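Using our numbering, the letters of the sequence shown map in sequence onto residues 1 to 449.
Even glycine gets a Cβ: it sits at the ideal position worked out from N, Cα and C.
Remember, predicted model here, so these are calculated numbers, not experimental data.
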Amino acid sequence: MGPRMDIAYGKSITKLHYDKSDTVNVLTHTESPVLSSTKLNNTKMVKHQDEALVCEEEGALWDIFRRQDIPKLETYLRNHSSDLMHADCLAFDKIVHPIHDRIFYLNTEHKRKLKEELGIEPWSFKQKLGDAVFIPAGCPYQVRNLKSSTKIELNFVSPESLGECIRLQHELRMLPNNHRDKQNKLNIGKMMLYALDHAMMDLAGVSDSNDPIDDLKVPETSNDDHANNFNNSNGWVNDTESGDNSDQISNTDHTVDHAHEASRTLMPDEGLWRGNAVGLEVKKLLEAVEHQYPDTFQGVQIRAKEMWISILKEFHVVIKSFLETSVAELAEDRLATLREDLKEFERFGFDLSWAHKRIDMVEKLKFGNEPLQQELMALKESLEPLKERLGGRWKQFVEAQEMLKVAQLEYDNASEALKKKAREVAHKFGDEYDQVLKGHLGFGMLQGY
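Here is the structure:
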């Protein structure tokens with residue numbers, strides 16, 4: 001990728017960050033600033049502790065950290081963010097990622113504190129004219145330009161850094177959509193495909209026959225050997241094993257099968273899937289996909305090879321990201337990115353129609369003009385005022401029920417009081433008192449009157 005030219009003024013800095021791939025940086029030209037004596041006397045120069053007497057050829061001061069020191073480095077940056085923040089970075093009210101944000105530079109004092117507090121320090125050196133600096137993928141680094149200079153930079157992916165590049169791609173996917181590094185994703189899947197295609201073409205060119213390339217087809221073995229291979233590879237034939245001499249290196253083939261070597265240190269249920277030591281988390285997702293959508297891997301001839309470990313791990317990253325994407329926060333461009341990621345694996349023969357079907361559904365329902373969805377949304381909108389109205393009526397009903405209960409209680413109490421008082425009057429004046437009061441004075445005194 002590249003090459004590209006970097007042009008830098010003297011005294012300028014490149015803040016702490018890391019690249020998504022391996023990088024080679026060559027210093028091609030340096031130039032000391034020329035100041036008149038008047039300007040030199042009137043200019044107040046800020047002295048940095050990093051600067052010493054610069055020889056004629058020295059152009060830049062580099063600090064490169066190891067990958068394994070990243071967790072401790074991130075901890076230090078977060079703990080000392082207020083001290084490290086430069087004046088031009090005050091707009092950052094929230095640190096998303098202390099390295100990807102590119103807002104920190106560690107001077108000599110902070111590098112000393114970093115070593116004292118956490119026990120880590122960078123490789124520090126000065127780049128001279130013509131020097132080439134190699135930065136492995138995922139190694140954080142910062143640069144102070146001692147002079148105005150031009151540099152040529154080339155990015156590439158080495159086999160040794162492939163796993164780190166995949167990790168960085170996943171890390172970049174997790175950044176917010178408006179982050180400056182969000183668009184710097186390395187399309188590692190396509191690069192792997194192109195490398196595989198190129199390798200296949202080279203192998204086909206040296207093949208003496210029209211048969212499939214030997215390395216890609218199942219070797220012929222005896223029944224006993226086949227049984228041994230089956231048991232040693234969790235049900236999948238490992239084409240680097242050959243029965244009795246499987247632990248020895250062949251005299252004619254000195255290629256080391258890293259997938260097989262890794263699988264020997266794992267039990268069959270400890271992250272081994274189809275002969276590839278992919279890890280427990282990756283294995284769990286692959287088994288879940290295979291169980292739910294068995295056609296996914298039907299068209300793929302997955303072998304116990306180092307190449308397939310990388311491909312399956314990248315597949316895990318893409319599918320896990322697909323499964324965990326929030327639809328509520330989903331942007332339309334994210335759907336296009338997901339489709340592109342899925343198509344990379346479909347070139348291998350993966351059947352991901354089930355994932356495309358879900359993406360198509362979400363796109364039509366959330367971003368499209370699906371008539372049924374529009375009618376559904378209209379009904380939902382009309383339901384809201386009715387729901388509010390029903391709630392008001394129900395509230396009135398509940399209040400009326402409470403009022404009815406109170407009135408019923410008051411009536412029952414008054415009725416009971418009336419009966420009690422009537423019994424008292426009857427006891428004092430006789431049971432016929434009520435008839436006398438309602439009738440004649442001589443009621444019941446004489447028969448017939």
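Is it buried or exposed, residue i, if we count other Cβ atoms within 10 angstroms and call 16 or more buried?
i	result
I7	exposed
S32	exposed
Y9	exposed
R180	exposed
F104	buried
A304	buried
L383	exposed
K147	buried
Y18	buried
D434	exposed
Y194	exposed
A277	buried
R393	exposed
E402	exposed
R144	buried
W273	buried
E314	buried
K20	buried
Y411	exposed
Considering residue i, what are the terminal residues of the alpha helix (DSSP H) in which it resides?
i	result
V282	280–292
T337	332–346
L162	162–173
K72	70–79
Taking the beta strand (DSSP E) that residue i belongs to, which residues open and close that run?
i	result
E58	58–64
D6	4–8
P17	Before going on, a small fix: residue 17 reads as His here, not Pro. Its beta strand (DSSP E) spans residues 13–17.
I think residue i touches residue j, with their Cβ atoms under 8 Å apart; what is that distance to the nearest whole Å?
i	j	result
R334	T325	7 Å
G299	G349	4 Å
K113	P122	Contact doesn't hold; Cβ gap of about 13 Å is too wide.
L453	L352	It is not possible to answer for residue 453, since the shown part of the chain is limited to 1 through 449.
F297	E332	Wrong, their Cβ atoms sit about 30 Å apart, outside the cutoff.
L27	G59	5 Å
L312	V282	6 Å
H29	T150	5 Å
H97	L175	7 Å
Q142	D63	5 Å
P140	I70	6 Å
I166	V318	With 8 Å as the limit, I166 and V318 do not qualify as a contact, their Cβ atoms being about 10 Å apart.
G138	E160	Not confirmed; about 11 Å, so no contact.
M307	I152	Actually they do not touch by this definition, with Cβ atoms about 31 Å apart.
I99	E117	With a Cβ gap of about 18 Å, I99 and E117 do not count as contacting.
K94	E344	The Cβ separation is near 33 Å, so there is no contact.
E270	L280	7 Å
L162	S310	6 Å
N155	T23	5 Å
With respect to 7 Å, is the separation between the Cβ of residue i and the closest non-hydrogen atom of the ligand ADP below this value?
i	result
L172	This structure lacks the ligand ADP, and indeed carries no ligand of any kind.
Return helix, strand or coil for residue i, following the three-state DSSP convention.
i	result
L323	helix
L40	A caution first: L40 carries a pLDDT of 45, below 50, which makes its placement in the model too unreliable to give a value.
D431	coil
H29	strand
V96	coil
L106	coil
F443	coil
I309	helix
A277	strand
V436	helix
I302	coil
V425	helix
E270	coil
N210	With a pLDDT of 46 at N210, under the threshold of 50, the modelled position of this residue cannot be trusted; read the value that follows with caution. Reduced to three states, the DSSP call for N210 is coil.
D22	strand
E314	helix
What beta strand (DSSP E) runs, 3 residues minimum, are completely inside the stretch 109–150? 123–128, 132–135, 141–145
May I have a chain-ordered list of the alpha helix (DSSP H) segments no shorter than 4 residues that lie completely inside the stretch 342–420? 353–362
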